[in-house]
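The block underneath contains the structure these notes are about, expressed in C-alpha cells.
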Amino acid sequence: MDFSSGRHKPSHNHIANRSLKYINYPFLFIVCFLLMLGLVSLFSASAIYTETKGWGTFYYTLQQGKWILIGLAAAAYFTRTDLEKWRRAIKPGFALTALLLLITLFMPPVAHVRRWIPLGFMKLQMSEFAKLAIILYLADHFDRNMSAIQADWRTLVRPFIAVCVLLVLIAAEPDLGTPALLFAVMLFLFGAAGVKPRYILAPLSAGALVVVIGILTSPYRLARLKSFLTPLEHSAGSGYQLTQSLFAVGSGGWFGKGFGASKLKLMYLPEAHTDFIFPIVAEEMGLAGGLLIVGLFTALLVKGARIAANAPSLYTSLIALGLTLVITLQAFFNLSMAIGLIPTKGIPLPFFSYGGSSIVVTLIMTGIILNISAHRSSTRC
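In terms of our numbering, the sequence shown has 220 at position 226, counting the first letter as 1, and numbering is strictly consecutive.
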C-alpha cells in the first residue's frame, strides 16, 4: 500500500480537528489487555525463579509494574502532545541515539554482550530507543522529500546510510535480531512512502547478503543455525533452549495445564521471564491461549494500519505505520522463534517480556499512535 498517494503537500503544517474523543479506543483496549495478560504471565514465569534467588515472589512483577506506570505516564504525555513541535528534535535525537549506542559498546559486558548502559536505578538499553529514533527520522525525511524520492533514487542514500549506521552499532553489541527487525520495517516504510520497487530490491539484496556473511563468519551464529535446523540433535548444547521451548509449547495441549502449573519454568527453560516467556504461557494456557495472543497482535496490526491510512499527513501516517510494525513484527518474530520457525534471537515479546527500556519505549510508541488516531482532516485517505 502506498501511503503517499493523495498527499500532495508536505505535512509540516498545523493539523486541525484533533480531539481525544477520536482516539482509536479498540487499539487502546487491545494494548491494555496485552499489558494485563503480560503482567500476569510475567508473574507466573518468574515467581519461582526470583524466590530461589531470595528476591521474593513478586520481584520481577513489581519491577515491571513500576516501568509500566512510567511508560503509561509517558504514553499519556505523547498522546496529548503536538507531534509537529517534535520535528526539530528528530535529527539531534537521532545523532544522540547513535552516540549512546557507541558508548554502549564500551560498557562492561553482561553474559558476553554489551547492550546496556548501567545507570544505577536501571540498565538503559539504547537499541530500544533506536527503534523510535529510526521511525521518526524516516517519516520526517520521506515527508520533506516526498516528490524527490519517487523520481530520484539518490535521495534514498542518505537515510539508508544513516539508519544502517545505527543498525551496525546495534549488531556490534552483538545483536542481529533487532537490526533485522528494523531493516525489515525500514523497507516497509520505503514502500509505503511510494519508493519504486526496484529501488527497494537493492537494499533488500544487500541486507540478505550481510546476514548470510554474518552467520557464516561467526561460529556462534553458525552453531545457532544448526541447532535451529536440528534442535533435538543439539538438545544438550546450542539447541537446549529451543528444545525446552518446543517441549513447553507442545505439552500445553489445547487448553493448557492451568495458571502457574508450568513444569518447564522450574529451571528447565533458562530466563523464562525474558525472551522465552511465550512457551510458558503456551504451556499454561494451551493452544487456545497461544492463538489468543497471536490474535491480539494481529488485531493490533490491523488497527494500527488503519490509523496510518486515516492519518492526516504522510509524516504522521508513516510514523503510525512504522511504530505499529515495530511492535507487531517484533511480536511475530518472538513467537516464531519460540516455536522454531526462525533461529533464536534476543528479541523480547512486547508487553510480556521483562525489561524496563522495552516496556517504556513500547508504551511511548502506543501513545504516539493513539495521538495520530485522534486527528481528523479533510485529506483523510
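Where a beta carbon is used, it is the ideal one built from N, C-alpha and C, also for glycine.
Query	Result
Closest by C-alpha distance to ALA381, when choosing among GLY208, LEU210, LEU181	Missing from the structure shown is residue 381; the chain here goes from -5 to 375 and no further.
Bridge partner(s) assigned by DSSP for ILE111	LEU118
Of the listed residues PHE88, THR211, GLY334, nearest to VAL243 (C-alpha basis)	GLY334
Local Cβ density within 10 Å of ALA325, reported as buried at 16 or more and exposed below that	buried
Close Cβ partners of PRO173 (< 7 Å) along its chain, the five nearest in sequence each way excluded	LEU161, ILE164, ALA165
As assigned by DSSP and simplified to three states, the class of VAL151	helix
Supposed contact pair LEU36 and PHE253 - C-beta distance, whole angstroms, cut 8 Å	At roughly 13 Å, the Cβ-Cβ gap does not stay under 8 Å, so PHE253 and LEU36 are not in contact.
Short Cβ contact (8 Å threshold) for GLU167 with VAL104	no
Where VAL205 falls: helix, strand or coil (DSSP)	helix
Coarse secondary structure for HIS135, derived from DSSP in three states	helix
GLY65 versus SER351 - alpha carbon distance	9 Å
Residues near GLY340 in its chain [Cβ-Cβ closer than 7 Å; skip 5 each side]	ASP169, GLY171, ASP269
Cβ shell of LEU290 (< 7 Å), same chain only, five flanking positions each side left out	ILE24, PHE27, LEU28
Member of VAL151, PHE21, ILE366 whose CA lies at the smallest distance from the CA of ILE313	ILE366
Secondary structure of ALA187, DSSP reduced to three states	coil
Whole-angstrom distance between ARG74 and SER371, CA atom to CA atom	Note that SER371 scores 48 on pLDDT, short of 50, meaning its location in the model is unreliable and no value can be drawn from it.
Pairwise C-alpha distance: VAL355 and GLU122	7 Å
Burial state of ALA127, where buried means 16 or more other Cβ atoms lie within 10 Å	buried
Proximity winner among THR224, SER239, ILE155, TYR234, relative to ALA200 (alpha-carbon distances)	ILE155
Distance, LEU260 Cα to SER245 Cα	14 Å
Enclosing alpha helix (DSSP H) for ALA105 [first to last residue]	Looking at the DSSP string, ALA105 is not in any alpha helix (DSSP H), and its letter there is neither H nor E.
Per-residue burial, ARG218 [other beta carbons within 10 Å of its own, 16 or more giving buried]	buried
ASN365: first and last residue of the uninterrupted alpha helix (DSSP H) it sits in	350 to 367
Contact set for ARG152: own chain, Cβ-Cβ below 7 Å, skip 5 residues either direction	none
Straight-line Cα distance separating HIS135 from LEU308	10 Å
Beta-carbon contacts of ALA70 that lie in its chain and below 7 Å, excluding the five residues immediately before and after	GLY361
Reference LEU236, options PRO20, TYR16, THR98, ILE274, closest by Cα	ILE274
Reduced DSSP secondary structure (H/G/I, E/B, other) of PHE253	coil
Stretch-stretch touch, CB-based, cutoff 8 Å, three pairs: the region 15 to 24 with the region 297 to 308	yes
ASN328, DSSP secondary structure in three states	helix
Buried/exposed call for MET140, threshold 16 Cβ in 10 Å	buried
Proximity below 8 Å, CB of PHE241 to CB of LEU223	no
Distance between PRO102 and PRO112 (C-alpha atoms, nearest Å)	9 Å
Sub-8 Å separation of LEU77 and THR318 beta-carbons	no
Cα-Cα separation between HIS369 and PHE72, rounded to whole angstroms	14 Å
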